[in-house]
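Q: Chain order of the listed sequences is A and B.
Using the working numbering, the first residue of the first sequence is number 1, and each one after it goes up by one.
Using the working numbering, the first residue of the second sequence is number 223, and each one after it goes up by one.
Glycine included, C-beta positions come from ideal geometry on N, C-alpha and C.
Just so we're clear, the structure is a prediction, and the values are computed from it rather than from any experiment.
There are 2 protein chains.
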Amino acid sequence: MTTATGTPGTKDRILDAAEKLFADEGFTATSLRAITTEAGVNLAAVNYHFGSKDRLIEAVFERRLAPLNHERISLLDALEGSDENPSLEGILEAFVGPPLRLHRDTDRGGPTFMRLLGRTLTEPSQAIHEIFVRQFAEIAARFTPALERALPVLPPDEVFWRMHFAIGSMAHTMCDTFRLKLLSAGRCDAGEDIDATIRRLVSFIAAGLRAPVPVDTPGVET
Amino acid sequence: MTTATGTPGTKDRILDAAEKLFADEGFTATSLRAITTEAGVNLAAVNYHFGSKDRLIEAVFERRLAPLNHERISLLDALEGSDENPSLEGILEAFVGPPLRLHRDTDRGGPTFMRLLGRTLTEPSQAIHEIFVRQFAEIAARFTPALERALPVLPPDEVFWRMHFAIGSMAHTMCDTFRLKLLSAGRCDAGEDIDATIRRLVSFIAAGLRAPVPVDTPGVET
DNA sequence: GTCTATATCCTGATAGAC
DNA sequence: GTCTATCAGGATATAGAC
Numbered sequence: 001m002t003t004a005t006g007t008p009g010t011k012d013r014i015l016d017a018a019e020k021l022f023a024d025e026g027f028t029a030t031s032l033r034a035i036t037t038e039a040g041v042n043l044a045a046v047n048y049h050f051g052s053k054d055r056l057i058e059a060v061f062e063r064r065l066a067p068l069n070h071e072r073i074s075l076l077d078a079l080e081g082s083d084e085n086p087s088l089e090g091i092l093e094a095f096v097g098p099p100l101r102l103h104r105d106t107d108r109g110g111p112t113f114m115r116l117l118g119r120t121l122t123e124p125s126q127a128i129h130e131i132f133v134r135q136f137a138e139i140a141a142r143f144t145p146a147l148e149r150a151l152p153v154l155p156p157d158e159v160f161w162r163m164h165f166a167i168g169s170m171a172h173t174m175c176d177t178f179r180l181k182l183l184s185a186g187r188c189d190a191g192e193d194i195d196a197t198i199r200r201l202v203s204f205i206a207a208g209l210r211a212p213v214p215v216d217t218p219g220v221e222t
Numbered sequence: 223m224t225t226a227t228g229t230p231g232t233k234d235r236i237l238d239a240a241e242k243l244f245a246d247e248g249f250t251a252t253s254l255r256a257i258t259t260e261a262g263v264n265l266a267a268v269n270y271h272f273g274s275k276d277r278l279i280e281a282v283f284e285r286r287l288a289p290l291n292h293e294r295i296s297l298l299d300a301l302e303g304s305d306e307n308p309s310l311e312g313i314l315e316a317f318v319g320p321p322l323r324l325h326r327d328t329d330r331g332g333p334t335f336m337r338l339l340g341r342t343l344t345e346p347s348q349a350i351h352e353i354f355v356r357q358f359a360e361i362a363a364r365f366t367p368a369l370e371r372a373l374p375v376l377p378p379d380e381v382f383w384r385m386h387f388a389i390g391s392m393a394h395t396m397c398d399t400f401r402l403k404l405l406s407a408g409r410c411d412a413g414e415d416i417d418a419t420i421r422r423l424v425s426f427i428a429a430g431l432r433a434p435v436p437v438d439t440p441g442v443e444t
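#1: Would a check of beta-carbon distances place residue 57 (chain A) closer than 8 Å to chain B?
#2: So, helix, strand or coil for residue 374 (chain B), using DSSP?
#3: At a CB-CB cut-off below 8 Å, which residues of chain B make contact with residue 122 (chain A)?
#4: Let's see if you can read the secondary structure: which residues bound the alpha helix (DSSP H) around residue 67 (chain A)?
#5: Taking all protein chains shown into account, decide if residue 105 (chain A) is buried (16 or more other Cβ within 10 angstroms of its Cβ) or exposed.
#6: Which of the three DSSP states is assigned to residue 346 (chain B) in this structure?
#7: Hey, out of B:406, B:430, B:342, whose CA is closest to residue 381 (chain B)'s CA?
#8: To the nearest angstrom, report how far apart residue 202 (chain A) and residue 90 (chain A) are at their CA atoms.
#9: So that I know if they touch, is there some Cβ in chain B lying closer than 8 Å to that of residue 112 (chain A)?
#10: Could you tell me which chain B residues have their CB closer than 9 Å to the CB of residue 26 (chain A), listed as they occur along the chain?
#11: Counting only Cβ-Cβ distances shorter than 9 Å, please list the residues of the segment 415–438 of chain B near chain A, keeping chain order.
#12: Runs of 3 residues minimum, wholly inside the segment 137–215 of chain A: which ones carry the beta strand (DSSP E) assignment?
#13: Any beta-carbon of chain A closer than 8 Å to the one on residue 406 (chain B)?
#14: Using only the alpha-carbon positions, how far apart do residue 444 (chain B) and residue 373 (chain B) sit?
#15: Say whether the segment 228–245 of chain B touches the segment 266–275 of chain B, bearing in mind that this needs 3 or more beta-carbon pairs closer than 8 Å, one atom from each stretch.
#16: Just to confirm my understanding: we take residue 3 (chain A), look at its own chain, exclude 5 residues before and 5 after, and list those with CB closer than 7 Å. What are they?
#17: Cα-Cα, which of A:87, A:128, A:37, A:188 is closest to residue 54 (chain A)?
#18: Which bits of chain B does residue 140 (chain A) rub up against, with CB to CB less than 9 Å?
#19: Would you give the residue range spanned by the alpha helix (DSSP H) that residue 47 (chain A) belongs to?
#20: Just tell me which of A:97, A:200, A:142, A:125 has its CA closest to the CA of residue 114 (chain A).
#21: What did DSSP end up calling residue 308 (chain B) once you bin it into helix, strand or coil?
#22: Determine contact between the segment 390–405 of chain B and the segment 354–361 of chain B, defined as no fewer than three beta-carbon pairs at a distance below 8 Å.
#23: How would you label residue 289 (chain B), buried or exposed, when you count the other beta carbons within 10 angstroms and need 16 or more for buried?
#24: Interface residues of chain A around residue 402 (chain B) at Cβ under 8 Å?
The structure is reproduced here in structure tokens:
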């Protein structure tokens, strides 16, 4: 709980420090000692407030994931409210925009959590696997029908396949803030203008989702 | 070194066990004790043969990455030898085919290394960062010009951006062998027919690479 | 709620016999 | 090359004073 003065309490200080260190070093490589030192609190405070390291990991995600997914659904609601046939690009922007815009929230550690989320999407830790599946079920229930309506010629199974590829592109963009810049000799920087990055990503995955269905795809009658 | 009898020596037994456990648990969560127990060798053998855990991690990648990248380049060579303007799909298949076809090599732990490679692409460990950058430089030097020739209307910077997205799709497909199946209620299984998976992935990223260049992209004159 | 002190166990690495 | 035994340190977690 953050107090009215803006000074984070012990619990949030631990969550902030854990989020940062998990993003930088990974879950197992980050010790409770490192977290409490970074947070400026006592070592025993973690077990007092969270019970165990695994439950701390869960708390780090719970704190951020629910608001993030609610924002996605609000954006999709707004989109469908103003146009009963929203564009594919609009739907995809509602999906990838909220996590990528975390990058702008520098005051509250947004870029850090964005990186953590990106790396955790491709490397699910056992401790948070259930959180992801549960939270994602809600998202899939809303976005899958919207995508199927926007892509009427695409068989439903094919939507799953291509969203899987799209999530990979999104996750890679979220966690890799340095390699793209390195390999492009500084010419491409995903963090420099996050809205431009979102536009590029949306146009890439929208085109991928609209790709012609291969005639030899098993299970698809042509 | 594997002997002529087909019985792996101590060194390869350690590498095989490390590869498996790294893919399942991650680098830091895997102890040398777990590796030597799995390999059926003595604990001290790791430090005798490799010097340290970090050098063992490097050796796990060195053993597989060089042949993999040589296969990519051979495929591209063959492609350019038979047609001076190879198709975008052909180039992309030469890039994503070799790592994904590791999945078929069940006898020699291919699926395990595929998963490890996928997760390491998005979450680079400090110890192997240099290996990836060095190995990838060779690949980029060959594939970047080929892609630019296949996409003449695309500004070179945009090729970097879109290949970044494409690599994300590929990496996610490589390391996630269960979530797609889970979320699609068993209807999509990337490992069931790896050639079909490659075709789907290639068609997705080819369409993404061919997406129209947004007119408001900074740095692009229209 | 916060602290000190500590229990218990596991880590990577090495010394030295064989 | 392979083994046993061990070192020195770090890990999570907890007991109990304040």
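A: In short, the structure shows the following:
#1: no
#2: In the three-state scheme derived from DSSP, where H, G and I count as helix and E and B as strand, residue 374 (chain B) is classed as coil.
#3: 340, 341, 344, 345, 393, 394, 397, 398
#4: 53–82
#5: Residue 105 (chain A) sits exposed, since fewer than 16 C-beta atoms from the chains shown fall within 10 Å of its C-beta.
#6: coil
#7: B:430
#8: Whole-angstrom Cα-Cα distance: 9 Å.
#9: no
#10: 248, 249, 250, 251, 345, 347
#11: 415, 418, 419, 421, 422, 423, 425, 426, 427, 428, 429, 430, 431, 432, 433, 434, 435, 436, 438
#12: none
#13: Taking CB atoms only, residue 406 (chain B) has a neighbour in chain A less than 8 Å away.
#14: Confidence in residue 444 (chain B) is poor, its pLDDT being 46 and thus under 50, which makes the residue's placement unreliable; the coordinate value appears in the next sentence. The straight-line gap from Cα to Cα measures roughly 16 Å.
#15: Touching, per the Cβ criterion.
#16: Low local confidence applies: a pLDDT of 48 at residue 3 (chain A) is under 50, so the model's placement there is unreliable, with the coordinate-based value given in what follows. Counting only Cβ-Cβ distances below 7 Å, and skipping sequence neighbours, we find 9.
#17: A:128
#18: Those are 405, listed as they occur along chain B.
#19: 44–50
#20: A:97
#21: coil
#22: The answer is no - the segment 354–361 of chain B does not touch the segment 390–405 of chain B, with fewer than three Cβ pairs under 8 Å.
#23: exposed
#24: By Cβ distance, chain A contributes 160, 161, 164.
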